[in-house]
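Visitor: Each residue of the sequence shown is one higher than the one before, starting from 95 at the first, in the numbering used here. Pasting in a structure now, in structure tokens, and then I'll have a few things to ask.
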Amino acid sequence: MARALIIGCGAVATVAIKKCCTCSEVFSEICIASRHRENCEKLAQELRPNTKTVITTAAVDADKAENVSALIKQYKPDLVMNIALPYQDLAIMDACLECGVNYMDTANYEPENIDDPEWRKVYDKRCKEKGFSAYFDYSWQWAYKEKFEKAGLTALLGSGFDPGVSQAYCAYALKHQFDTIEEIDILDCNGGDHGYKFATNFNPEINLREVSAPGSYWDTDENGKGHWVEIPAMSIKREYEFAQVGKKDMYLLHHEEIESLAQNIPGIKRIRFFMTFGQSYLDHMRCLEDVGMLSTQPIKFQGQDIVPIQFLKALLPDPASLGPRTVGKTNIGCIFKGTKDGKPKTYYLYNVCDHQECYKELGSQAIAYTTGVPAMCGAMMVLTGKWNKPGVHTVEEFDPDPFMEALTKYGLPWNEDFNPVLVD
Ligand code: NDP
């Protein structure tokens with residue numbers, strides 16, 4: 095019996111909220127809040143007749159910590175589930191600290207305005223010191239570790255699929271299958287087709303920023319020292335035959351869980367992340383980037399300030415509307431190389447999710463589904479005390495077993511392959 099404040103009511107949050115409502119014994123009360131309360135209320139009205147969960151709604155602009163604090167003080171939740179955008183992470187964490195409430199999210203912090211000189215100073219220093227230039231990294235949220243520890247509060251970062259389940263797979267492999275893991279390849283394949291020439295599967299701004307950034311991976315030199323290797327965007331391409339999906343081109347990207355896994359998997363030598371893209375998606379993205387449509391810098395147009403990527407977002411299909419038209423499957427998982435009982439071993443742990451099955455069950459496509467279910471399961475781990483560790487932690491720092499059990503129960507079972515084809 096617990097009370098959760100859920101900030102955000104978009105594609106991912108909708109799945110998480112619907113799943114919370116199927117588990118009223120844990121989520122006995124939820125409050126759905128975003129800037130547009132009418133969207134939260136619309137979803138609440140759809141769900142109320144069929145759930146024992148008591149649902150209320152609120153309006154909140156979570157860009158400001160004081161707004162979130164005011165709502166927390168009024169609602170008194172046991173956990174704040176941040177399923178809004180990465181821009182709000184720090185403000186919501188500040189509010190949780192002020193009010194003494196546990197926190198979770200699905201993506202690590204990045205600023206809305208990457209031209210902010212204060213942020214830029216820290217970013218430029220980090221690029222030089224760490225060697226990767228993606229706009230997001232864990233340093234901002236890891237800086238809260240001591241404060242959350244002292245307050246006796248748990249902050250669970252990145253409880254989606256990747257980040258999220260990908261790290262639980264790593265923790266599971268380490269606990270049950272390996273003595274040491276030396277290499278991890280995280281493969282994210284979306285074999286879905288929505289019929290549009292160009293659309294993104296989740297928030298376009300966040301998605302396009304992520305995939306247009308230079309790629310990078312973790313590697314180790316001959317003296318055993320780990321370091322980042324950065325490459326131009328989309329410059330490492332591989333073809334892979336995915337179970338239940340088929341052959342796809344995939345590209346090496348920077349991804350946030352590489353940063354935490356490099357710290358938390360002892361003896362790890364290499365971690366890479368690959369995502370599949372079709373040629374049409376890449377051609378559109380390159381063209382949009384070349385003409386400046388991915389820029390976050392406001393421009394004056396007919397006397398008005400316009401942020402190009404926000405204008406583009408308004409033109410593109412709403413990711414939440416892709417559900418009815420998306421067919422095909424996703425296949426996301428991790429390939430491990432390491433040793434067990436002194437012998438070399440390889441192992442592949444992955445989930446396959448069908449877009450139309452997700453749509454039939456919850457009215458959402460598989461990308462929102464595969465993120466929303468782990469968000470709800472991660473929240474459940476914190477609320478039931480199974481993942482209660484004061485401080486700021488990523489998923490691989492917790493016991494994977496109860497989480498993986500919950501994933502299977504709530505729609506994301508896993509598959510194993512003990513002789514996988516490796517990525518060269
Ligand atoms: P959407 O754009 O569909 O939804 C975002 C939601 O956030 C909206 O309901 C919006 O409501 C709310 N929101 C935005 N700004 C504010 C604000 N200032 N205050 C309060 N609420 C706000 O995004 P998605 O559902 O696609 O993505 C949600 C999160 O999931 C993102 O952080 C994304 O990066 C992450 N994600 C993680 C993945 C993973 O595997 N870990 C995969 C995919 C996504 P309103 O406009 O009413 O405020």
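Using N, Cα and C, we set each Cβ at its ideal position, and we do this for glycine too.
To the nearest angstrom, how far is it from the Cα of residue 104 to the Cα of residue 510?
Guide: One C-alpha to the other measures close to 32 Å.
Visitor: Going by the CB atoms, is the gap between residue 403 and residue 388 shorter than 8 Å?
Guide: Yes, these two residues count as a Cβ contact at 8 Å.
Visitor: If we count the other Cβ atoms within 10 Å of its Cβ and call it buried at 16 or more, is residue 464 buried or exposed?
Guide: It counts as buried.
Visitor: Which class does residue 165 belong to by DSSP, given the choice of helix, strand or coil?
Guide: If DSSP states are grouped into helix, strand and coil, residue 165 belongs with the helices.
Visitor: Nearest to residue 193 by CA position, among 155, 226, 168, 365, is which residue?
Guide: Of the listed residues, the one whose Cα sits closest to residue 193 is 168.
Visitor: Under three-state DSSP, which class holds residue 105?
Guide: Helix.
Visitor: Three or more beta-carbon pairs under 8 Å between the region 301-315 and the region 357-372, yes or no?
Guide: Result yes; three or more Cβ-Cβ pairs closer than 8 Å.
Visitor: Buried or exposed, going by whether 16 or more other CB atoms sit within 10 Å of the CB of residue 290?
Guide: Residue 290 should be labelled exposed.
Visitor: Kindly indicate the opening and closing residues of the beta strand (DSSP E) around residue 534.
Guide: It is not possible to answer for residue 534, since the shown part of the chain is limited to 95 through 518.
Visitor: Can you tell me whether residue 324 is helix, strand or coil according to DSSP?
Guide: The answer is strand: DSSP assigns residue 324 an E or B state.
Visitor: CB of residue 359 to nearest heavy atom of ligand 1: below 7 Å?
Guide: For ligand 1, not one heavy atom lies less than 7 Å from the Cβ of residue 359.
Visitor: Report, in whole angstroms, the separation of the C-beta atoms of residue 296 and residue 468, which I expect to be a contact under 8 Å.
Guide: The pair is not a contact, with the Cβ atoms about 14 Å apart (cut-off 8 Å).
Visitor: Check whether the region 232-240 and the region 478-492 are in contact - that is, three or more C-beta pairs closer than 8 Å.
Guide: In short, these stretches touch, since the Cβ pair count reaches three.
Visitor: Reducing DSSP to helix, strand and coil, say where residue 484 ends up.
Guide: Here residue 484 sits in coil by DSSP.
Visitor: Using only CA atoms, which one of 102, 110, 98 lies nearest to residue 456?
Guide: Comparing Cα-Cα distances from residue 456 to each of 102, 110, 98, the minimum goes to 110.
Visitor: Which residue spans inside the region 222-261 form an unbroken alpha helix (DSSP H) run of at least 4?
Guide: Counting only runs of 4 or more, we get 233-236, 239-245.
Visitor: For residue 504, does the three-state DSSP call read helix, strand or coil?
Guide: Note: residue 504 maps to coil in three-state DSSP.
Visitor: Using a threshold of 8 Å, state whether the C-beta atoms of residue 144 and residue 283 are closer than that.
Guide: No, these two residues do not count as a Cβ contact at 8 Å.
Visitor: Less than 8 Å between the C-beta atoms of residue 322 and residue 431, yes or no?
Guide: No, Cβ-Cβ distance for residue 322 and residue 431 is not below 8 Å.
Visitor: If you pair each beta-carbon of the region 152-162 with each one of the region 176-193, do three or more pairs fall below 8 Å?
Guide: The answer is yes - the region 176-193 touches the region 152-162, with three or more Cβ pairs under 8 Å.
Visitor: Tell me, please, whether the region 492-509 touches the region 263-283 by the rule of three or more beta-carbon pairs shorter than 8 Å.
Guide: Judged by Cβ distances under 8 Å, the region 492-509 makes contact with the region 263-283, as three or more pairs qualify.
Visitor: Measuring only the C-alpha atoms, how far is residue 277 from residue 440?
Guide: So the two alpha carbons sit approximately 9 Å from each other.
Visitor: Which partner residues does residue 154 have in the DSSP bridge list?
Guide: Paired residue(s): none; residue 154 is not in a bridge.
Visitor: Considering only residues of the same chain and omitting the five flanking positions on each side of residue 116, which have a CB-CB separation below 8 Å?
Guide: Closer than 8 Å at the Cβ level, and outside the excluded window around residue 116, lie 145, 504.
Visitor: Helix, strand or coil for residue 358, going by three-state DSSP, please let me know.
Guide: Three-state DSSP puts residue 358 in a helix.
Visitor: Considering only C-alpha positions, which residue in the set 262, 196, 218, 227 is nearest to residue 243?
Guide: Of the candidates 262, 196, 218, 227, the one whose C-alpha sits nearest the C-alpha of residue 243 is 196.
Visitor: Give a single yes or no on whether residue 349 has its beta carbon closer than 7 Å to a heavy atom of ligand 1.
Guide: No - ligand 1 has no heavy atom lying nearer than 7 Å to the Cβ of residue 349.
Visitor: Between the C-alpha atoms of residue 99 and residue 434, what's the straight-line distance to the nearest angstrom?
Guide: Rounded to whole angstroms, residue 99 to residue 434 spans 43 Å at the Cα level.
Visitor: Apart from the five residues on each side of it in sequence, which residues of its chain come closer than 6 Å, Cβ to Cβ, to residue 279?
Guide: Counting only Cβ-Cβ distances below 6 Å, and skipping sequence neighbours, we find 366, 429, 517.
Visitor: Assign residue 400 to buried or exposed, taking buried as 16 or more other Cβ atoms, counted over all protein chains shown, within 10 Å of its Cβ.
Guide: That one is exposed.
Visitor: The alpha helix (DSSP H) that contains residue 441, what's its start and end?
Guide: Note, residue 441: premise wrong, no alpha helix (DSSP H); beta strand (DSSP E) at 437-448.
Visitor: When you compare each of 293, 304, 443, 358 to residue 336 by their alpha carbons, which one comes out closest?
Guide: Ranking the options by Cα distance to residue 336, first place goes to 443.
Visitor: Which of helix, strand or coil does DSSP assign to residue 332?
Guide: Looking at residue 332 - three-state DSSP - the assignment turns out to be strand.
Visitor: Is residue 427 near ligand 1, with its Cβ less than 7 Å from a heavy atom?
Guide: It does not: the Cβ of residue 427 is nowhere closer than 7 Å to a heavy atom of ligand 1.
Visitor: Residue range of the beta strand (DSSP E) that residue 314 falls in?
Guide: Element bounds for residue 314: 309-314.
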